[in-house]
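Protein chains in written order, with this note's numbering: chain A, -6 to 253; chain B, 413 to 630.
Cβ coordinates follow ideal geometry from the N, Cα and C atoms, glycine included.
Notes follow once the structure below has been shown.
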Amino acid sequence: MPVFEISNARKAFGALEVLKGVSLHIEQGEVVSVIGPSGGGKSTLLRCATLLETLDGGSLAYGGTVCAGEENGKSLYRGKAALREARRKFGLVFQQFDLFPHYTVLKNICDAPIAVQKRNKAEVEAEAMALLDKMGLAGKENAYPCQLSGGQQQRVAIARALAMKPEILFFDEPTSALDPLLTGEVLRVIRSLADEHMTMLIVTHEMPFARAVSDRVVFLDGGVIVEQGSPEQVFGNPRQQRTREFLRSYRETDGAQKQE
Amino acid sequence: MTVSTMLSLLAQGFVTSLLIFCLTLLGSLPLGLAVMFGRRSRITPLRWFVKAYISIMRGTPLMLQLMVVFYGPKLLLGVTVPGNWRFTAVILAFVINYAAYFAEIYRGGLESIPRGQFEAAEVLGYTKGQTFCRIILPQMVKRVIPSVTNEVITLVKDTSLASVIGTVEMFTRAKQIVASPNTPGMLALVAAGVFYYIFNYVMAFLMERCEKALNYYR
Chain A
-6 MPVFEISNAR
4 KAFGALEVLK
14 GVSLHIEQGE
24 VVSVIGPSGG
34 GKSTLLRCAT
44 LLETLDGGSL
54 AYGGTVCAGE
64 ENGKSLYRGK
74 AALREARRKF
84 GLVFQQFDLF
94 PHYTVLKNIC
104 DAPIAVQKRN
114 KAEVEAEAMA
124 LLDKMGLAGK
134 ENAYPCQLSG
144 GQQQRVAIAR
154 ALAMKPEILF
164 FDEPTSALDP
174 LLTGEVLRVI
184 RSLADEHMTM
194 LIVTHEMPFA
204 RAVSDRVVFL
214 DGGVIVEQGS
224 PEQVFGNPRQ
234 QRTREFLRSY
244 RETDGAQKQE
Chain B
413 MTVSTMLSLL
423 AQGFVTSLLI
433 FCLTLLGSLP
443 LGLAVMFGRR
453 SRITPLRWFV
463 KAYISIMRGT
473 PLMLQLMVVF
483 YGPKLLLGVT
493 VPGNWRFTAV
503 ILAFVINYAA
513 YFAEIYRGGL
523 ESIPRGQFEA
533 AEVLGYTKGQ
543 TFCRIILPQM
553 VKRVIPSVTN
563 EVITLVKDTS
573 LASVIGTVEM
583 FTRAKQIVAS
593 PNTPGMLALV
603 AAGVFYYIFN
613 YVMAFLMERC
623 EKALNYYR
């Protein structure tokens, strides 16, 4: 059974159709990158998957927990209990980190496991310290987010999501808000999670990273999945014209930036 | 009348002013939160009612509101009010007036908090109540302190309005001294001004301390 499954997802904002029937499932241990131009529906797909937006049509499930089923072409969401159950199974790392500024690093990581999952405080804190160590942030537990660099904040955000022990972790352009110099440290952390076979769905503009880290790459444009496959196939030998155009324009702008 | 008699009369009045000030804050700071929730409620009639209430409280003079609350029961209903109604009416009028202002200040604070904070809390599974109490409220308090300080300072001076319905607070005392023969009238006015000023100075100082205490994060 897939860890995450979304079928025939449709979503419109007013007259603007952003998702036009997207189906995607992710198996245990799989790392999937979603690439594509801005406005192609990547963020909306992620926001629908994480219950921050509701689907107009299509179904959504986490393992055996169904969040929304499709009836007569419309998404029908289950009750609060099912959605709460589903929220336990996924974590989300935001583009803008969205740490809680009034909490220390340690409290940012521990508060939800303690207050939401009602777990033992000492145990959660010990795990949080281990996570911080893994993120290369040992000794930062008493700092406040405003005292950290963007890259450090994003690593705390990853630790905060991991402390909930999710079955799948979503990333929404995790390095887009960072200086180029700071993206590396965040990508390294995500790569180490991939090495441990953490199930992840990563929306990203970092093509070399997506190529290196993913088991599968999905190219989303115009609200549909245009192409998906192994990184070698999608990047090395794209079948679709739109994929080729996107990758070419990406290489041109990226190359131009590097020459500057 | 000696200067010391005058000062002791003013000081007695000041105690009443201080009481009005404290009771008003004690009532209106929490009531403002409830009003803010009403103002943001999904229940349309409640939201409209609260909007109308805020609009009236902010759109009419507090002095007039004091008179309406104090004389209203007698003029409208013909009931005889108990002897201590005067002071109760003052507190009631001040609390409902200031709660309206605080509600709007709180609302501004709440709405200035980035949406990401709500979304991060939602994804982590916090309930609505937990999100408000643990994540939103502390950040809201920090954001509204400068505006609340403004209101607190205004309130210190507004307590003098209670004299319009005959509450014997410091301003009423000062007026009485000025109106009586053989008193240091001018000095009484200046002294009352000094009382208000020092009180406000202390309040501004305390509020600044609160602001600084929350400066450990941005």
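By how many angstroms is the C-alpha of residue j removed from the C-alpha of residue i?
| i | j | result |
| --- | --- | --- |
| residue 253 of chain A | residue 246 of chain A | Unreliable placement is indicated for residue 253 of chain A, whose pLDDT of 46 sits below 50; no coordinate value is reported for it. |
| residue 229 of chain A | residue 18 of chain A | 23 angstroms |
| residue 52 of chain A | residue 236 of chain A | 27 angstroms |
| residue 601 of chain B | residue 623 of chain B | 33 angstroms |
| residue 544 of chain B | residue 533 of chain B | 9 angstroms |
| residue 157 of chain A | residue 46 of chain A | 21 angstroms |
| residue 41 of chain A | residue 48 of chain A | 6 angstroms |
| residue 443 of chain B | residue 4 of chain A | 41 angstroms |
| residue 551 of chain B | residue 560 of chain B | 14 angstroms |
| residue 496 of chain B | residue 434 of chain B | 18 angstroms |
| residue 163 of chain A | residue 626 of chain B | 33 angstroms |
| residue 171 of chain A | residue 558 of chain B | 32 angstroms |
| residue 202 of chain A | residue 529 of chain B | 28 angstroms |
| residue 33 of chain A | residue 243 of chain A | 14 angstroms |
| residue 78 of chain A | residue 62 of chain A | 16 angstroms |
| residue 212 of chain A | residue 28 of chain A | 5 angstroms |
| residue 468 of chain B | residue 513 of chain B | 11 angstroms |
| residue 39 of chain A | residue 165 of chain A | 7 angstroms |
| residue 60 of chain A | residue 71 of chain A | 5 angstroms |
| residue 584 of chain B | residue 424 of chain B | 11 angstroms |
| residue 481 of chain B | residue 590 of chain B | 28 angstroms |
| residue 416 of chain B | residue 611 of chain B | 20 angstroms |
| residue 117 of chain A | residue 15 of chain A | 37 angstroms |
| residue 436 of chain B | residue 464 of chain B | 21 angstroms |
| residue 225 of chain A | residue 231 of chain A | 9 angstroms |
| residue 515 of chain B | residue 155 of chain A | 38 angstroms |
| residue 632 of chain B | residue 473 of chain B | With chain B covering 413 to 630 only, the question about residue 632 of chain B has no answer from this structure. |
Check the C-beta distance from residue i over to residue j and give it rounded, since I have them as a contact under 8 angstroms.
| i | j | result |
| --- | --- | --- |
| residue 128 of chain A | residue 112 of chain A | Contact flag wrong, Cβ pair sits at about 20 angstroms. |
| residue 152 of chain A | residue 102 of chain A | 5 angstroms |
| residue 478 of chain B | residue 576 of chain B | 6 angstroms |
| residue 85 of chain A | residue 43 of chain A | 5 angstroms |
| residue -4 of chain A | residue 197 of chain A | Not confirmed; about 19 angstroms, so no contact. |
| residue 555 of chain B | residue 578 of chain B | So it is not a contact: roughly 39 angstroms between Cβ atoms. |
| residue 134 of chain A | residue 98 of chain A | 5 angstroms |
| residue 175 of chain A | residue 143 of chain A | 5 angstroms |
| residue 448 of chain B | residue 518 of chain B | 4 angstroms |
| residue 23 of chain A | residue 209 of chain A | 7 angstroms |
Is it right to say residue i is buried, meaning 16 or more other beta carbons lie within 10 angstroms of its own, or is it exposed?
| i | result |
| --- | --- |
| residue 146 of chain A | buried |
| residue 422 of chain B | buried |
| residue -6 of chain A | exposed |
| residue 35 of chain A | buried |
| residue 509 of chain B | buried |
| residue 167 of chain A | buried |
| residue 95 of chain A | buried |
| residue 68 of chain A | buried |
| residue 506 of chain B | buried |
| residue 126 of chain A | exposed |
| residue 603 of chain B | buried |
| residue 487 of chain B | exposed |
| residue 571 of chain B | buried |
| residue 462 of chain B | buried |
| residue 55 of chain A | buried |
| residue 538 of chain B | buried |
| residue 523 of chain B | exposed |
| residue 598 of chain B | exposed |
| residue 628 of chain B | exposed |
| residue 491 of chain B | exposed |
| residue 80 of chain A | buried |
| residue 82 of chain A | buried |
Is any heavy atom in the ligand PLP found nearer than 7 angstroms to the beta carbon of residue i?
| i | result |
| --- | --- |
| residue 492 of chain B | Annotation note on the ligand PLP: not contained in the displayed structure, which lists no ligands. |
Any residues in the segment 102 to 115 of chain A with a beta carbon nearer than 8 angstroms to a beta carbon of chain B? Which ones, in chain order?
104, 105, 108, 109, 110
Taking beta-carbon pairs under 7 angstroms, can you tell me which members of the segment 129 to 156 of chain A lie near chain B?
Taking 7 angstroms as the Cβ-Cβ cut-off against chain B, the residues of the segment 129 to 156 of chain A that qualify are 137, 139.
Note down, in chain order, all residues in the segment 534 to 556 of chain B with a beta-carbon under 9 angstroms from any beta-carbon belonging to chain A.
534, 535, 536, 537, 538, 539, 542, 546, 547, 550, 551, 554
Going residue by residue through the segment 496 to 583 of chain B, where are the continuous alpha helix (DSSP H) segments of at least 4 residues, counting only ones entirely within it?
497 to 523, 527 to 535, 549 to 570
Just to confirm the assignment: which complete beta strand (DSSP E) runs, minimum length 3, are found wholly within the segment 31 to 103 of chain A?
50 to 55, 58 to 64, 67 to 70, 83 to 86
Name the residues in the segment 69 to 85 of chain A whose C-beta lies less than 9 angstroms from a C-beta of chain B; which are they?
Those residues of the segment 69 to 85 of chain A that come within reach of chain B (Cβ to Cβ, closer than 9 angstroms) are 77, 80, 81, 83, 84, 85.
Only counting runs of 4 or more residues, tell me where the alpha helix (DSSP H) segments fall wholly within the segment 425 to 461 of chain B, in order along the chain.
none
Closer than 8 angstroms between beta carbons: that is the criterion. Which residues of the segment 507 to 528 of chain B meet it against chain A?
Within the segment 507 to 528 of chain B, the residues whose Cβ lies closer than 8 angstroms to some Cβ of chain A are 526, 528, listed in chain order.
Quick one: which residues of the segment 43 to 60 of chain A get their C-beta closer than 9 angstroms to a C-beta of chain B? List them in chain order.
43, 44, 45
Select from the segment 155 to 175 of chain A all residues with a C-beta closer than 7 angstroms to any C-beta belonging to chain B, and list them in chain order.
157
Ignoring anything shorter than 4 residues, give me the alpha helix (DSSP H) runs that lie fully in the segment 154 to 223 of chain A, in order along the chain.
173 to 188, 200 to 206
Mind listing which residues of the segment 453 to 473 of chain B have their C-beta closer than 7 angstroms to chain A's C-betas, in chain order?
none
For the segment 191 to 207 of chain A, which residues have a beta carbon sitting closer than 8 angstroms to at least one beta carbon of chain B?
So the list is empty, because no residue satisfies the distance condition.
Cβ-based contacts, 9 angstroms cut-off: residues of the segment 7 to 21 of chain A near chain B
none
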